[in-house]
Structures are given as C-alpha cells and as structure tokens.
Amino acid sequence: SISRGISGVTPLDWWLSGCYFVLLGLIGVMVVREASAALRRPPRGGVVQTPVTRLVGRIRLAPRCYIPGMENNSLSVWPIAALGALGGYVSGLLGIGGGPFIVPALIYILGVPTRYAVGSALVSVVAMVTSGALQHWHRGNVSIASAAVLALAAAIGAMVGARIHSATRPARVRQWFGVVVLAIA
C-alpha cells in the first residue's frame, strides 16, 4: 500500500496534482502567447496552423467529418475520436469536463477553427459529464442541492457566454481561455 503523508494525502496524490499543475500551466501559457500574437495580425477566421495541424490534416482515413472553416472542410474521425477518449478519461479521473484539454487540442492539434472548437467541445462535454455524473451518483458522491444550484447558474452563464463569444474575435476568445486555464492551474 502507498503510505499516507500529511492529512492522508499520498505521494501519488502530490505527483498527480503536480503533473496537473504543470500541464495546465503549459497549456495556458502556450494559448495566451499564441492568441496575443494573433491579435497583432489580421484575423484568420479562428484557424491556427501548426506543424501538427498540417500533419493531422493529411490523415485521409475514412470516415471523415465536415467542419466549416477548415482548409479542406473535413477531418478524419479517428483523431477526433482519440481526443474524445482522452478527454473522457481526464474528465472521469479529475472531474474537470475535459475542456482545458479538448479545446486547445481541437484548435492547436486538429486545426479546428476556434468557434467550432468551443461549440463542439461543449456538446461533447454533455456526454462526458453525464456518464461521469452517473458514475458518481451511483457511488453516492453527489449533493443534490449544490448540483441543482450549480446547474441552474451554469446554464444561465453559458447562455450569456455564448452570446459574447459570437461577438468576439476568435484570438481574443483563445486569449481569455488561456488566462482561465492558468487560473485553474
């Protein structure tokens, strides 16, 4: 068995927390730096080109899914599925909904335009959080009162946020996202 440290926290708990902090910090810094640079140049419709996005864009395995605003308007489903599986794993393990990983991965690895990355990630989170929430419900880890208040407030906040997002330059959205990820770290 792993020995218990301060207040029952194991060395594995410290290691996982440290890895989470470093990963989120790196993602946050990368996103803020890229978005700040993007704000100094003409808009590109929220598309970010990296060597990785170009490589992933060359994957021609069927089936493909239509994504507006992309260079070829489609992407193989296999990299998307791999990202979804990883996001689901992280969501179930850490309870974070996968957003801090999925949105940047859609933008910087798969090359999905910012608007579609944010919207698609939110829709995918419904499946992730529903399955994770049901598992936690089954294990008795849910406070009904706090969950209901959080859900109502989150729904209102999401509607306001979606309206503001639609009127905001994609690079600014990425910049705000990076700042939030840094705050989470």
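Residues -3 to 181 in our numbering are what the sequence shown spells out, letter by letter. C-beta: ideal position from N, C-alpha, C; glycine also. Since the structure is predicted, the reported quantities are computational estimates derived from the model, not experimental observations.
Closest residue to residue i among the options (Cα-Cα distance)
{"i": "L51", "options": "S72, G83, L35", "result": "S72"}
{"i": "L19", "options": "I140, A147, I98", "result": "I98"}
{"i": "C61", "options": "G83, G153, S32, L106", "result": "L106"}
{"i": "A81", "options": "G115, P59, S120", "result": "S120"}
{"i": "T110", "options": "W172, A167, A34", "result": "A167"}
{"i": "L102", "options": "I152, T49, A143", "result": "T49"}
{"i": "Y104", "options": "M26, V125, V175", "result": "M26"}
{"i": "V172", "options": "D9, L35, L12, G4", "result": "The residue asked about is misnamed: residue 172 is Trp in this sequence, not Val. When each option's Cα is compared against that of W172, the closest is L35."}
Pairwise C-alpha distance: residue j and residue i
{"i": "G42", "j": "A117", "result": "15 Å"}
{"i": "E67", "j": "L178", "result": "30 Å"}
{"i": "I76", "j": "G24", "result": "21 Å"}
{"i": "A181", "j": "P96", "result": "10 Å"}
{"i": "S(-3)", "j": "H134", "result": "Residue confidence for S(-3) is low, a pLDDT of 46 falling below 50, so the modelled location carries little weight; the figure read from the coordinates is stated next. Cα to Cα, the separation comes out at about 26 Å."}
{"i": "G65", "j": "R165", "result": "15 Å"}
{"i": "V156", "j": "V108", "result": "23 Å"}
{"i": "I55", "j": "S70", "result": "10 Å"}
{"i": "A150", "j": "H132", "result": "19 Å"}
{"i": "A123", "j": "A31", "result": "29 Å"}
For residue i, three-class secondary structure by DSSP
{"i": "R60", "result": "strand"}
{"i": "L20", "result": "helix"}
{"i": "S139", "result": "coil"}
{"i": "L71", "result": "strand"}
{"i": "M124", "result": "helix"}
{"i": "A163", "result": "coil"}
{"i": "L51", "result": "helix"}
{"i": "V5", "result": "coil"}
Burial state of residue i (16 or more Cβ within 10 Å)
{"i": "L130", "result": "exposed"}
{"i": "L22", "result": "exposed"}
{"i": "V44", "result": "buried"}
{"i": "S87", "result": "buried"}
{"i": "A33", "result": "exposed"}
{"i": "G79", "result": "The sequence given here places Leu at residue 79; Gly does not occur at that position. Buried, by the Cβ-count rule."}
{"i": "Y85", "result": "exposed"}
{"i": "A113", "result": "buried"}
{"i": "P100", "result": "buried"}
{"i": "I63", "result": "buried"}
{"i": "F17", "result": "exposed"}
{"i": "A58", "result": "exposed"}
{"i": "G14", "result": "exposed"}
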